[in-house]
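See below for the structure under consideration.
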Amino acid sequence: MDKFRLDNKTALVTGGSKGIGFGIAKALAEAGSALAIVARDAKKLDEAREKLSAAGRGLQVYSFDMSKTDEISDLYDQIVNETGGIDILVNNAGGTRRGPADTLSAEDWNFVINLNMTASFTLSQAFARERIKNGKSGKIINIASLMSETVREDNAPYAASKGGIRQLTKALAVDWAKHAINVNAIGPGFIQTDLTQALWQDDAFNKWVHWKTPWARWGRPEDIGNAAVYLASAASDFVTGHTLYVDGGLLSTFGPSTW
Numbered sequence: 024m025d026k027f028r029l030d031n032k033t034a035l036v037t038g039g040s041k042g043i044g045f046g047i048a049k050a051l052a053e054a055g056s057a058l059a060i061v062a063r064d065a066k067k068l069d070e071a072r073e074k075l076s077a078a079g080r081g082l083q084v085y086s087f088d089m090s091k092t093d094e095i096s097d098l099y100d101q102i103v104n105e106t107g108g109i110d111i112l113v114n115n116a117g118g119t120r121r122g123p124a125d126t127l128s129a130e131d132w133n134f135v136i137n138l139n140m141t142a143s144f145t146l147s148q149a150f151a152r153e154r155i156k157n158g159k160s161g162k163i164i165n166i167a168s169l170m171s172e173t174v175r176e177d178n179a180p181y182a183a184s185k186g187g188i189r190q191l192t193k194a195l196a197v198d199w200a201k202h203a204i205n206v207n208a209i210g211p212g213f214i215q216t217d218l219t220q221a222l223w224q225d226d227a228f229n230k231w232v233h234w235k236t237p238w239a240r241w242g243r244p245e246d247i248g249n250a251a252v253y254l255a256s257a258a259s260d261f262v263t264g265h266t267l268y269v270d271g272g273l274l275s276t277f278g279p280s281t282w
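In terms of my numbering, the sequence shown is residues 24 to 282.
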């Protein structure tokens, strides 16, 4: 359907060189969007550029650490100048520090909140200011988590940050609807990537995921990419403030003793 096409659009994807971020970038490119990808690892960026260049769309890559939140606005200005403008923003970059809550340092807490929440807010703000100034609509897609709704032990900063992303998504959606800027989030389930390799190679945990997920499989980066195409496209123009869980039904089965 034409409403799902992204021709003549440009998307900025943070953390877009691998895993879920790469899956999103690939899906957006296949739907017709030009791309700007931000990631820390220059080598991974080069690999992503090579893989995505086959899509035949415009592609720019930027090696940047999203935890440097005081430099994000300058980065965004550079990207806008070099691409001609960003229509779709995907706040995917993130990280975690794990451990019992009583053992975590203030630095652990601040690192996770800064990278997962502050960076997303700061980049969204830069995006919205430019769109509003120029009278243009836009789409923002944040990456939430199952832990936006429920928690696993030893994950206090991450759970707090992803719960915050869910609420931030709602708040920005309300603030910017009058400017035709949609703000939504995707909450991935257990997705099979390099980052989760230790989990899906653990026989007991792998069996648990298959047992607990109604679709009886791990998610794939392309599952998240497909959802991103919908939220980036005209097909979702009346959808805002929503977190779309792409988890094979896993969240619907959770109870306090099953996580």
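Ideal Cβ positions, reconstructed from N, Cα and C, are used throughout, including at glycine. The structure presented is a predicted model; accordingly, all values stated were derived computationally and were not measured.
Evaluate residue i with the Cβ neighbour count: other Cβ atoms within 10 Å of its Cβ, from every protein chain shown; 16 or more gives buried, anything less gives exposed.
| i | result |
| --- | --- |
| Val197 | exposed |
| Phe150 | buried |
| Ala251 | buried |
| Ala77 | exposed |
| Thr126 | exposed |
| Asn165 | buried |
| Ala17 | No answer is possible for residue 17: the residues shown for the chain start at 24 and end at 282. |
| Lys201 | exposed |
On a Cα-Cα basis, can you pick out the residue from the options that is closest to residue i?
| i | options | result |
| --- | --- | --- |
| Asn114 | Ser143, Met89, Trp234 and Ile136 | Ser143 |
| Thr33 | Tyr253, Asp110 and Ser168 | Asp110 |
| Val84 | Ala57, Asn139 and Ile155 | Ala57 |
| Ala265 | Lys193, Glu105, Gly212 and Ala59 | With the sequence shown as reference, residue 265 is identified as His, and Ala is not the correct amino acid for it. The shortest Cα separation from His265 among Lys193, Glu105, Gly212 and Ala59 belongs to Lys193. |
| Leu254 | Gly118, Lys185 and Ile163 | Ile163 |
| Lys156 | Ile136, Trp199, Thr145 and Thr119 | Trp199 |
| Ala203 | Gly107, Thr126 and Asp260 | Asp260 |
| Leu191 | Ala59, Met140 and Arg72 | Met140 |
| Lys105 | Ile95, Ala167 and Leu82 | Sequence inspection shows Glu at residue 105; the Lys mentioned does not correspond to that position. The shortest C-alpha separation from Glu105 is found at Leu82. |
| Arg152 | Leu112, Met89, Lys230 and Ala116 | Leu112 |
| Val262 | Tyr181, Arg80, Ser96 and Gly161 | Gly161 |
| Gly322 | Ser168, Trp231 and Arg154 | The displayed coordinates of the chain run from 24 to 282. Any statement about residue 322 would go beyond what the structure contains. |
| Ala50 | Ala65, Arg63, Lys66 and Arg28 | Arg28 |
Where residue i and residue j are concerned, what is the direct C-alpha to C-alpha distance, given to the nearest angstrom?
| i | j | result |
| --- | --- | --- |
| Ala124 | Leu68 | 34 Å |
| Trp282 | Arg175 | Low confidence applies to Trp282: its pLDDT is 49, below 50, so where it sits in the model is not reliable, and the reading given next is rough at best. Straight-line Cα distance between these residues: approximately 7 Å. |
| Ser171 | Lys74 | 32 Å |
| Thr276 | Ala208 | 21 Å |
| Leu267 | Gly210 | 6 Å |
| Ala183 | Lys159 | 32 Å |
| Ala52 | Lys235 | 33 Å |
| Gly122 | Ile188 | 21 Å |
| Tyr181 | Ile47 | 21 Å |
| Ser96 | Phe87 | 12 Å |
| Pro237 | Glu245 | 19 Å |
Could you give the DSSP three-state label for residue i: helix, strand or coil?
| i | result |
| --- | --- |
| Asn104 | helix |
| Ser160 | coil |
| Gly242 | strand |
| Val252 | helix |
| Ser147 | helix |
| Gly186 | helix |
| Val135 | helix |
| Val174 | coil |
| Ser90 | coil |
| Asn31 | coil |
| Gly117 | coil |
| Pro123 | coil |
When the cut-off is 8 Å and only beta carbons count, does residue i lie next to chain D?
| i | result |
| --- | --- |
| Glu53 | Among the protein chains of the structure shown there is no chain D, as only one such chain exists. |
I want to know whether the segment 204-223 touches the segment 39-48 - three or more CB-CB distances under 8 Å. yes
For the structure I just gave you, are there three or more beta carbon pairs, one from the segment 263-271 and one from the segment 238-251, closer than 8 Å? yes
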